[in-house]
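S.K.: This structure is in structure tokens; I'll ask about it shortly.
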Amino acid sequence: MKNPLKQSKASIRQFVCVILLIFVISMSSNMKVNATNVSHDPPSCSSLIPHDSIEITSDSGFLVFPGSGIVEDPYLIEGYNITTPSASGIYIEGTTKHFVVRNCYVDALSYGIRIYNVASGTATIENNMINNNDMGIFLSSYDSSTVSNNTCSNNIYGIYLSNFGSSTVSNNTCSNNIYGIWLESSASSTVVNNTCNFNNVNGIMLWASASSTVINNICNNNNYGIGVFQHSDSSTIANNTCSNNNEYGIWFRDSDSSTVANNTCSNNDWYGISLEESDFCVVTYNLLQENENYGVYLYLDSDNNLVHHNTFVDNNLGGTSQAIDSGANNYWYDTVALEGNYYNDWSGTGSYSIDGSAGSIDLYPLDGSPSDPPSDPPLIPHASISITSDIGFAVFPGSGTAEDPYLIEGYNITTTDTIGIHISGTTKYFVVHNCYVNANDYGIYIDNVAAGTAIIISNTCNNNNLRGIYIYESSSSTVANNTCINNCEYGIYLGDSVSSTVSNNTCSNNNLYGIYLDSSGSSTVSNNFCSYNNDGILLYWSVNSDVTNNMCNNNDDYARYETWLNLPEAV
């Protein structure tokens, strides 16, 4: 049962609750926990110094606090009990200096801690207790700050970030609020190791916050655990526990090209994971157990998604299937490995039927629960990368030899620049691995590098205005295990790059071609998934190439078109 909120704000909270028709449910046990519940001690009010509300609107306002405002010695606002009828307990706006708000208790009328329009990367909010406000911690209109180890209870919003990108929200406890953690228009942010239980609406919400990472959180006994809404595209939701929620464990709405991996969604009253109007997502290695309705629901124009290597146990008991698909062109198995999901009610032979109007079938159900995938760290937000000589590699690990190539790895590059990663005119060996790249025209652009030096592997290059991966005059290159979706022209393009290898890539829903080789003969194109493009694979003046074991279905024109020769649909 929630603690009562302050009398002056009871009507506001009641209005929000009525509008959203939300009820708090009691907590149950017997659930697998993947996430990490990090404990920390909030400040004790009795040990804090009573203080009036604090308002700082210029750098000079910090001068009454210890510190010098540099990154090594930030101004320090620490150890205060601020219980006030003022609108804000701590309000900081328009500053450029580094500062920390730490070990404070704040109870105000509207905002506990409000930070607005300060210089990027200057704010750290840590280990505070923020209770009984409309907005517990509110940050707006700047980037790259840290909110960690805070406890926020009995607020409307526990933590709220607006127009606030590339920041970290970690190890907070946001429980018994209406909304736990809410990110709005806050792209490329990381929400990690938080506990968000018993909130009236959501545990964690991404709203128009693309390319964000939500990992290792516990979101139980809310109305829904984690929400990903309004073009929060290309986000990663991984290793979270979302159980005993009143509706959904994880709910996607109008958010494409995201990854939902290794989460536990159990005992939710509606669905474990639901995708609504969300395309080109990957749902994999999740545990869906004892949800009242379906474990996974692909609903309302959710198309071209991949659902594989999940474990379904006792969902929708009494029904005909543990999953439902009302979208189109969704695959319920790994299209390369030809492995589907584990269902504990599968007969052990044949396929597994998925409920819903799509008439989907898991052609390759598993006879046992799949092992957990390797745990990769979240991607690090990074500006566009341009390397035009060997010396440009010096900031990356490696020595540039074949045995020890330079390594560009683990970056989230979401930029309005023309190119996300551009490497040109180099002679050293290099690898671009495990990056997400979304730029204005080209995701990854490699041109005129020494033969055999380029390896482009396991990257995601989606939603670029021209091409996902572009390789030009760079022979003997390797392009493998990449995902290139929703690019306006080509998924992968090789020009004048003979003797190259293009394998195990997913290139779908590109406006022209999935994979295009131009004057790149003697190359190998194998085990790629190139469906739902205008054309699947095109080879133009690329003789003596080996094109084998690719899946090229449902393209508008040809599956494969090779040196002016139409070839059959199955390649």
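Going by the numbering used here, the first residue of the sequence shown is number 1, and it counts up by one from there. Positions of the beta carbon are idealized from the N, C-alpha and C atoms, including for glycine.
When DSSP labels each residue in this structure, what does Val201 get in the three-state scheme?
M.R.: coil
S.K.: Secondary structure at Ala480, three-state DSSP: helix, strand or coil?
M.R.: strand
S.K.: Suppose the cutoff is 6 Å on Cβ atoms and the five residues either side in sequence are ignored; what does the same chain contact list for Gly495 look like?
M.R.: Result list for Gly495: Tyr472, Asp518, in chain order.
S.K.: For Leu538, count neighbouring C-beta atoms within 10 Å of its own C-beta (all shown protein chains included) and say buried if the count is 16 or more, exposed if not.
M.R.: buried
S.K.: Can we say the segment 498–507 touches the segment 474–482, given the rule of at least three CB pairs closer than 8 Å?
M.R.: yes
S.K.: Roughly how many angstroms lie between the CA atoms of Cys242 and Gly295, to the nearest whole one?
M.R.: 12 Å
S.K.: Taking the alpha carbon of Ser140 as the point to measure from, which residue in Asn132, Phe164, Ile159 has its own alpha carbon closest?
M.R.: Phe164
S.K.: Applying the criterion that 16 or more other CB atoms from any shown protein chain within 10 Å of the CB defines a buried residue, is Ile385 buried or exposed?
M.R.: Ile385 comes out buried.
S.K.: So, does the segment 169–178 touch the segment 223–230, judging by three or more C-beta pairs under 8 Å?
M.R.: no
S.K.: Please confirm whether Tyr406 and Phe393 have their CB atoms less than 7 Å apart.
M.R.: yes
S.K.: Which residue wins for smallest C-alpha separation from Ile113, given the options Phe529, Ile77, Thr96?
M.R.: Ile77
S.K.: Expressed to the nearest angstrom, what Euclidean distance is found between the alpha-carbon atoms of Ser185 and Val543?
M.R.: 48 Å
S.K.: Please state if the CB of Asn549 and the CB of Ser526 are separated by a distance shorter than 7 Å.
M.R.: Yes, Cβ-Cβ distance for Ser526 and Asn549 is below 7 Å.
S.K.: Tell me where the beta strand (DSSP E) around Gln289 begins and ends.
M.R.: 287–289
S.K.: Quick one: grab the DSSP three-state call for Asp301.
M.R.: coil
S.K.: Just to check my reading of the structure: Ile469 and His433 have Cβ atoms closer than 8 Å, yes? What is that Cβ distance to the nearest angstrom?
M.R.: Incorrect: roughly 13 Å between the Cβ atoms, too far for contact.
S.K.: By how many angstroms is the C-alpha of Glu290 removed from the C-alpha of Tyr342?
M.R.: Tyr342 and Glu290 have their C-alpha atoms roughly 14 Å apart.
S.K.: Can you look up Ile469 in the DSSP assignment and give me helix, strand or coil?
M.R.: Strand at Ile469.
S.K.: Going by beta-carbon coordinates alone, are Asn421 and Ile391 separated by less than 7 Å?
M.R.: Here the sequence assigns Ile to residue 421, which means Asn is not the residue at that position. Ile391 is positioned such that its CB atom lies no closer than 7 Å to that of Ile421.
S.K.: Measure how close the beta-carbons of Asn509 and Asn533 come, nearest whole angstrom, since I'm counting them as under 8 Å.
M.R.: 7 Å
S.K.: How many angstroms separate the CA atom of Ala261 from the CA atom of Ile387?
M.R.: 33 Å
S.K.: List the endpoints of the continuous beta strand (DSSP E) containing Leu76.
M.R.: Unbroken beta strand (DSSP E) run through Leu76: 75–78.
S.K.: Look at the Cβ atom of Asp622, then the Cβ atom of Phe229, and state whether they are nearer than 7 Å.
M.R.: The structure shown does not extend to residue 622, since the chain spans only 1 to 571, so no value can be given for it.
S.K.: Are the Cβ atoms of Asn149 and Asn131 separated by less than 7 Å?
M.R.: no
S.K.: Under 7 Å, do Pro381 and Ser170 count as touching if we go by C-beta distance?
M.R.: no
S.K.: What does the alpha-carbon distance come out to for the pair Leu317 and Ala323?
M.R.: 11 Å
S.K.: Inspect the beta-carbon positions of Ile90 and Ile54 and report whether they are closer than 7 Å.
M.R.: yes
S.K.: Should Gly327 and Asp303 be called a contact, given that it needs their Cβ atoms to be closer than 7 Å?
M.R.: yes
S.K.: Give me the Cβ distance between Asn240 and Asn268, rounded to the nearest whole Å; I'm assuming they're in contact under 8 Å.
M.R.: Wrong, their Cβ atoms sit about 13 Å apart, outside the cutoff.
S.K.: Let me know the secondary structure DSSP gives Ser60 once reduced to three states.
M.R.: DSSP places Ser60 in helix when its eight states are reduced to three.
S.K.: Do the CB positions of Asp143 and Ser120 come within less than 7 Å of each other?
M.R.: Taking 7 Å as the Cβ cut-off, Asp143 and Ser120 qualify as a contacting pair.
S.K.: CB Asn286 to CB Asn263, shorter than 7 Å?
M.R.: In this structure, Asn263 lies closer than 7 Å to Asn286 by Cβ.
S.K.: If I measure Cβ to Cβ from Ser39 and keep anything under 7 Å in the same chain, skipping five residues before and after, which residues do I get?
M.R.: Any reading at Ser39 must be qualified, since the residue scores a pLDDT of 41, below 50, and its modelled position is unreliable; the value itself is stated next. Same-chain partners within the cutoff: there are none.
S.K.: Note down the Cα distance separating Tyr493 from Ile408, rounded to an integer number of angstroms.
M.R.: 20 Å
S.K.: Just to confirm before moving on: does the CB-CB distance between Ile82 and Val106 stay below 7 Å?
M.R.: yes
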